[in-house]
Every structure is written in structure tokens, then in C-alpha cells.
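Following: one structure in C-alpha cells, then a few remarks.
Chains as they are written, first to last, in UniProt numbering: chain P, 1 to 301; chain D, 1 to 369; chain F, 1 to 290.
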């Protein structure tokens, strides 16, 4: 519905300028995105094929960085940590979020207040969350010390200091921060379901349990999809929380690809390998996000 | 050359042509209604006149000046939208004066004109309100006020009454007509409501599938529809259209029609146009008010013919009773006087006023007589 | 909504329901409680295993220390300068990205052109990329622009990567804004900017609030860019907090850490409490519908 370029244009320069104005207004953004998103992606992609160390250099080495990357134990750890973390994080958030949404959907008094409490961690920085949980889970002063102080002197909860278990503390803190958000997504989905359909199901004699299992939860598929995409992309990008909570430790036991990339690029001076790991991260996220955006934008048409 | 000239105008989106070559010339003071079902191209044409959509080819001129490439604001037009499109953040007065403000009219002059228009439309007491505080009818008036105050060459109305309830719609219809008669402005008005078209217009363009099917006065359109689409679209209840065959009866052309009880009847045409078409299949079109009971028939007509036909359904509607019979496999409705004693199942004499009958070619659907 | 029980009176089922809800309230509030009470007690009470208890000795000393005298990195300045850095960084970055996003949304919905959807799609994808992908070139670019290690540089980075979401918000909002209003204004003689300024912007209050809150929260809470592109004098609050907590010299002053954490959380938490509705709307709009 733009105003016209016309069948026989006779516009003066000023007219032409006015016609081009919308595009002119958009053009800085297009330029910024072209350079700072796509240009930079290409730059990093290029670096991943070079022998860059402490500074970018431009000697091509083919797939050498990728080859090295996949042989690195640290990368292996980071990837398997991501799998553990990602799967648990997404699964627990979804289950907990759905449970809370269903509980809150029962005509609860003070629903707004309770929802506010469930959702507030989302407003916090991961660094704050990390600090809070870091000391809360610390065996010296945190929950272990407290419970022992209460008399259960055998009580042990030192996961954060345990190489095997430390990754699960990341899951705990991340779930705490995000599950309220997932709850809100499911709640919006629940509220979007046609209430007449539920009345019909109740008249058909469906029990509350059957109602949720057979009628309501299947209709939450779009909400599940959105939750999955959002959580998966957050999991892959997780960086701040690990830094604040465990710093990647003990040892390298809680390193994730995002922390791996940072330390290889900026502290270990292996920029080529760092770039290669970033490329892998991008491809993983793109595999999740692109189909999602594609379907959302197509729907709109 | 008219006041508003649409010359060979077309519109396409890519390969999709939504308006085929259209020529309409509107005289000053005319009230032209573009009517048709949704997607017929009427709104596109209106937007092209407004300059809100560009013309793919052809030309639109107002007062002999080509409007191609002229901004909407510089065409000296005003438009009333279906949703009224009142600026929600401005008062009624602000809405009415915004256009004048944009055109650099000084404030005292603006105030004067606002007062005049508000007076004319009886909205003076609403000037300080926001659109959100107005009823549908009031919003409608404000929207018209915003258009009137511009004193434009041409008024464009885009389905302005479709958001009002039935009663208010009829009132506003009358009001718009009064306003037109009083001010003598040139109006192009888009609607899908054929009654609005017939009551308001001085001329109607019936549109369908991106073509102007017929352009004419309301009477021409109603009495002599150019084709079966126009016949069916204009008028309510719509024109009866049913198959018939041209036969010769006493040397004059007549329509042979198949009745529901297996019999057939031959009804002579009023004119001789189809004399050379004996044996041809046609679609006969007769409006319900031309199919009546005997006493209800038009006394001035010289071509009323009686047909005994079985009655399928009667629909009393207060002032009239609509009587339905099957002819040639189609429901045919007649408009009988309310007190006629007729029941479903009766075989009853229907009076066909053949002066009002038209005939169409079943293949081309165009009128042939 | 479905009723579990037909009567609204107190039944065992509803008791369990409310008990569960209350339990989860405790779960979500616990870390906040821990931060709060421990920021108000002397260090000795914490190390003695009293983390869950209320302070015996109420004190504001940890707050004062965290604000103005604690060791952050190499200097004992407290968090105050970094808090100010964050504010200086957040305000212009939020304002700029919101304004540009509003204009973009306006163009993309009311002045569309061939390829607008593709432009939007590319913009949107930019919101989701892992920023690790841009760290190296951005560090170089900031160097070239003479903005390395400065707050201005951080403003620029946040502005650049904030445009995508701002545009998303305004585009979706303006898509539902009646186009007839824009047409009416065109006929009234208003131009591109005048329509934006006089017609759309006055109706954009809610989405502007949503967008500002989202950008504010995101930029305030950012760590990655802050850690990558700032030096000691330009660090934002999150980075300083992390330095405070991770510093390996001396005894760990947990109470000071907690006070600092609350300071870092306070601005976004306040916004959330005051305008939670808009915050949630922003979250949903940013994720559920692209």
C-alpha cells in the first residue's frame, strides 16, 4: 500500500526523495545488520579457517582448526556437558512450567501475586542468580552447613565441588531462573483454549485428568514448540551463569561451548579454534531457529 | 471530458490483474456508486482515485488535470473510511482540523470552518471529545465532517455505513443523500450493499471480477441489467432467473417454461426482439414484483399473462406474501398481495408481467432481449 | 479455566493445590531471602552456619562496603562507579534502539516494499545468533572506531544488537494498527514523519513501555559484552559484581557479595515490580510469536 511510483513518473528530485524516504529510514538498520551481524558472521567464519592465534591473521589452513577442535578433550567435555545440561534444563523447565501453569489455571485466589513470584527470577541477571546459588550451594556455608547445623550431621550436598555432579548445579540454578517464564508461556496457551470446548468435554464426561491429557495438553503444542526453541537457544548460549556459579570448574567439569569459545579465543590465544567453536554454536542454533522463524513468518502472510 | 475521468485504468499486483481496463467519466455533482461483492475491484479503484494505490496503466484525471503521480494530499479529494479512521489521540475538533493544519490553513480560518461543519452535521457539542467516547453514528458524522471541511473536488466514501447497525444505517443513508442534494458535491461511493447503491446514486457501476459489468442510472441497472450477474446482484429479493425456450405462439415469440407438475406453458414476450430466435434456449429473468396474483398485476402493462402453476411455499412478509413455485428446476418467487388466499400445494394462477421480462444467453450470460 | 471441584468451598483437593502453590513460592523466593538476610548480618553469623536464620545482629555495613569500599578487581572502590557505568550505558542504548526499532516497525508495516519480509527475517535471526560469533570482529571494529574499552563502545554494541528485538515489537504492534488511519492522514496531507509523529507515536505507549523494559532488562543484565569490551574504568555492574565475588584475595565476604548482588538486581527487579505486566508481555512477544 505504498504511495505510488506511477505509470508516468514526472516527480521532481524532492518527490523522488519523498518516495524513497521509508527505505532511507530503514537503510541504516539494514547496513548495521549487514555489517555487524552477517558481515561479522562471515568474518568469524573466515577466521575459523585461518591460523589466527592472539590476533586475527589471514593465512588459510583449511579445516585444521575444526580438526583440532574435535580432538580436544576440553571441547568434548563442553559438548557433552551441553547435552546433559540442555536435555535436563529443557525437560525440567517444560515439566515444571506445565505443572505450575495447570495449578495456576484452577481459579486460584491471588493468582496474579503468585505468578509474579514465580516469574521474578527472569528479571535478574544470570550473574546475580549465579552468586546467590553459588553460596547457597556451597558446602562450607550453604545448605549443607545449614542442615548439618540443624542436627543431621551426615547430610551431604557438595555437588558444586564435585567434578561429576557440578554440571547439575548449573541445571538447578538455570531451572530456577527460567521455569517461571515457561509457566507463563503455557499459561497463555491454556488461556487461549476455547472454553466452550472444555465445557463440551466436561459434558462428555471427561474427568479433569482426562480433560488435560486428551484435550488440553495436545492443544499446547505451539506453546511447547516455542518453549523448546527459546530454552534450547538459551542453553546453547549459556555463559554468564556458568562463569558466576562455577567459573567452569571444578577443573573443566562445567565448561560449556560458550565458555570454551571465550577462553580459547581470549585467554589461550587460540583464536582460530575459538572461531571454529563459535561457528559450531551458530550452526546448532540456526538449525533450531531458522525453521522456527521460517514457519512463523510464513504463517503471517 | 468529465469532471473526474477514469481512462483505461488498470491495476495488477505482479501477474494478478485485479482491475481490468476501466473507463468511467463522472460529471460534476454526480453521485457515483461502485457496487459489487468483495474482491470485485471496487475498493482498489477507489484507492486509485485517492492516490493510495498506484495505477498500473491508464490515467485518472480530476478537472482535466492528470492525477498520475500526484500525492493523495495534493489531489483535492477527501475520503471517508469504513472504520472511520479517526485519529484516536486527537479530539473531534483535532481530527477535523488536522488536514487543514497540514495544508497550512491559518488557525482562525480553521476554527471558522470547524464550526461551520460541526453545525451542519450537528456535532458541535462533541468537538472536545475523543473518538473513543463517541457512538458509531457520531463517529460516522465526525468522519464526514473531516471530509467536508476540506471542501474537496471529489468525496470518496469507502463502505462508510457497513459498521453501523441496520436502523442507523438507514438513517445515515438518508442523511448522506440530503447532504449531497444540499451541497451538490461530486461523490464516488463504494459499497457492497445494492440497496445503498440504488437509493443513493445518480449512477451505478456494478463491478465483478475486476470488470465494470454495467454502468448506468439506477433505473437502467434495475430494469435492464446487462447480464445475469447484474440481474442477480441488484435488487432484493433478487431477479428470478430460469431456463426457457423461445417458441412461436400465434406468430409472435413466446417463452416456453417447464412447470413443476410436468406441464409446460408458453408466455408471449411483449416485444418482437426474439422473433428470429425461435427454438433458442434462453434464461428468462423476471423480478418478483412482476410475478403477482391476478389482481395485483400492473394495470398499465399490456403484456400480463396468466400461468397456472403449483405453489411450493408461501412466505408472508407483512406487506406482501412471497409465493414460490418451481419453474425449469429453479425456485421462482412471486410477490403477491398480503391478503391473497394461497396455500402450499395449490395450483394457482400466476400473473407474469412480460413487459418487465428480460432474456439472457445461457452461454455468454449477456442480455439478448 | 477448569474447576477441579464444583464447589468453591474448602475441599481437600484445594488444600493440596494451595499447599503446592505455596511450596513453589518458597522455592522461588528462597534465594532472594538468602541474599537479603545475609546481606544484613555480620560475616561471622554466616560462616557459623546461620545462612537460613534471620540476622541476630542487624547491620548495614555489608551494603556500605559493597557500595563504596569493597575490593573490585584491583581497586577498593566498591560497586558505585560500576553502577553508574551501567546507568550511563543503559539509558542511551535503550533510547536509541527503541527509537530506531519504532521507525523500522513503522516502515515495515505501513510502507512495505518487495522484500520487506526477508529484511525482517534477517533482522530477526540476528536476535538469536550466539554472540560468540561476533566477539572477535566486534573487538576489532571497536578498536578501529576508537571505542575500545569505553562506555560509548558498549552503548554502541547494545544499540546495534538491540535493534532486532525493538523492531520485532514495534512491527508486530503496528501491524495491528489500522492502516486506514495512515491513509486518512496521507489524504489529509501529512508526510512520512508527520504521520509517525502525530498519528502512530501517540498510540504507541504500551509497546514503547514493553520495548523499553525489555531493552533495559537485557542491557542491564548483560555480561558477555561487558566482559569482552570494557576495561577497568568502563565495566558495567554485572562484570564488577562477578569480579567482586570471584576475587581470590583475602577472606570471602559473603555478606558483601549478597549486598552487591541485590544492588545489581535492584533496578531490574524494581522495574519488574512496577511494570511486571509489560515485562511479561515483552517476554511473550519476544518468544512466542516471531
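Yeah, the Cβ is synthetic: ideal placement off N, Cα and C, and Gly gets one too.
**Q.** Enclosing beta strand (DSSP E) for residue 157/D [first to last residue]
**A.** Bounds of the beta strand (DSSP E) holding residue 157/D are 154–158.
Q | Residue-chain proximity (residue 254/F, chain P), Cβ-Cβ < 8 Å | A | Yes, residue 254/F lies at the interface with chain P (some Cβ there is under 8 Å from its Cβ).
Q.
Going by the DSSP bridge assignment, what does residue 268/D pair with across the sheet?
A. 254/D
Q. Span of the beta strand (DSSP E) holding residue 207/D?
A. Per DSSP, residue 207/D belongs to the beta strand (DSSP E) from 203–208.
Q) Secondary structure at residue 337/D, three-state DSSP: helix, strand or coil? A) The answer is strand: DSSP assigns residue 337/D an E or B state.
Q) residue 13/P: buried (16+ other C-beta within 10 angstroms of its C-beta) or exposed? A) exposed
Q: Please list, in chain order, all residues of the same chain as residue 142/P whose beta carbon is under 7 Å from its beta carbon, the five residues on each side excluded.
A: 135, 136
Q. For residue 252/F, which of helix, strand or coil comes out of DSSP?
A. coil
Q. Within the present structure, is the beta-carbon of residue 194/F separated from the nearest heavy atom of the ligand ATP by less than 7 Å?
A. With respect to the ligand ATP, the structure offers nothing, as it holds no ligand at all.
Q. How many whole angstroms separate the CB atoms of residue 211/F and residue 101/F, which I take to be in contact at a CB cut-off of 8 Å?
A. 6 Å
Q: Evaluate residue 33/F with the Cβ neighbour count: other Cβ atoms within 10 Å of its Cβ, from every protein chain shown; 16 or more gives buried, anything less gives exposed.
A: exposed
Q.
If we define contact as Cβ-Cβ less than 8 Å, is residue 144/D a contact residue for chain F?
A. Cβ-Cβ to chain F under 8 Å: no for residue 144/D.
Q | Within chain F, partners of residue 120/P - CB distance below 9 Å | A | 28, 29, 32, 269, 272, 273, 276
Q.
Would you call the stretch 81–92 of chain F in contact with the stretch 172–188 of chain P, where contact means no fewer than 3 C-beta pairs closer than 8 Å?
A. no
Q: Within the same chain, show all residues whose beta-carbon is closer than 7 Å to that of residue 131/P, passing over the 5 residues directly before and after it, in chain order.
A: 244
Q. Which of the residues in the stretch 234–245 of chain F, read from start to end, lie with their CB under 7 Å from any CB of chain P?
A. Going along the stretch 234–245 of chain F in chain order, one finds 238, 241, 242, 245 with a Cβ nearer than 7 Å to chain P.
Q. Would a C-beta distance cut-off of 8 Å place residue 323/D and residue 242/D closer than the cut-off?
A. no
**Q.** Residues of the stretch 87–111 of chain D whose Cβ lies closer than 7 Å to any Cβ of chain F, in chain order
**A.** 87, 88, 89, 98, 99, 102, 103
Q. For residue 72/D and chain F, any beta-carbon pair shorter than 8 Å?
A. yes
Q) Can you tell me where the alpha helix (DSSP H) with residue 89/F in it begins and where it stops? A) Start and end: 80–110.
Q: Report the residue from 73/F, 22/F, 206/F, 186/F whose alpha carbon sits nearest the alpha carbon of residue 118/P.
A: 22/F
Q) Taking 8 Å as the CB-CB limit, is residue 104/F close to chain P? A) yes
**Q.** Beta-carbon proximity of residue 360/D to residue 353/D, cut-off 8 Å
**A.** Result no, Cβ atoms of residue 360/D and residue 353/D do not sit closer than 8 Å.
Q. Can you list, in chain order, the residues of the stretch 35–67 of chain D whose Cβ is nearer than 7 Å to any Cβ on chain F?
A. 50, 52
Q: Could you check if residue 24/P is buried or exposed, using at least 16 other CB atoms within 10 Å of its CB as the buried criterion?
A: Exposed is the label assigned to residue 24/P, since fewer than 16 other Cβ atoms lie within 10 Å of its Cβ.
Q | Residues near residue 130/D in its chain [Cβ-Cβ closer than 8 Å; skip 5 each side] | A | 88, 89, 90, 91, 92
Q) Residues of chain D with CB under 8 Å from residue 45/F, in chain order? A) Here the premise fails: no neighbours, minimum Cβ distance about 57 Å.
Q: Show which residues of chain F have a CB atom less than 7 Å away from the CB atom of residue 77/D.
A: 187
Q: Compile a chain-ordered list of the residues in the stretch 161–192 of chain F whose CB is closer than 7 Å to at least one CB of chain D.
A: 178, 180, 181, 183, 184, 186, 187, 188, 189, 190
Q) How close, in whole Å, do the beta carbons of residue 246/F and residue 82/F come, if the pair is a contact with beta carbons under 8 Å? A) That belief does not hold up - the Cβ atoms of residue 246/F and residue 82/F are roughly 14 Å apart, past 8 Å.
Q: Would you kindly check if the distance between the Cβ of residue 43/D and the Cβ of residue 158/D is under 8 Å?
A: In this structure, residue 43/D lies closer than 8 Å to residue 158/D by Cβ.
Q: Identify the contact partners of residue 101/P in chain F, using a Cβ-Cβ distance below 7 Å as the criterion.
A: Neighbours of residue 101/P on chain F: none; closest Cβ ~12 Å, over 7 Å.
Q | Option nearest residue 34/D by Cα separation, candidates 341/D, 255/D, 156/D, 58/D | A | 156/D
Q: Return the chain-ordered ranges of every alpha helix (DSSP H) run that is complete within the stretch 168–242 of chain F and spans a minimum of 4 residues.
A: 179–187, 192–195, 205–221, 224–229
Q | Every unbroken alpha helix (DSSP H) within the stretch 99–140 of chain P, with a cutoff of 4 residues, ordered by chain | A | 111–119, 126–136
Q. Quick one: what does DSSP say residue 226/P is sitting in, helix, strand or coil?
A. DSSP, read as helix, strand or coil, puts residue 226/P in helix.
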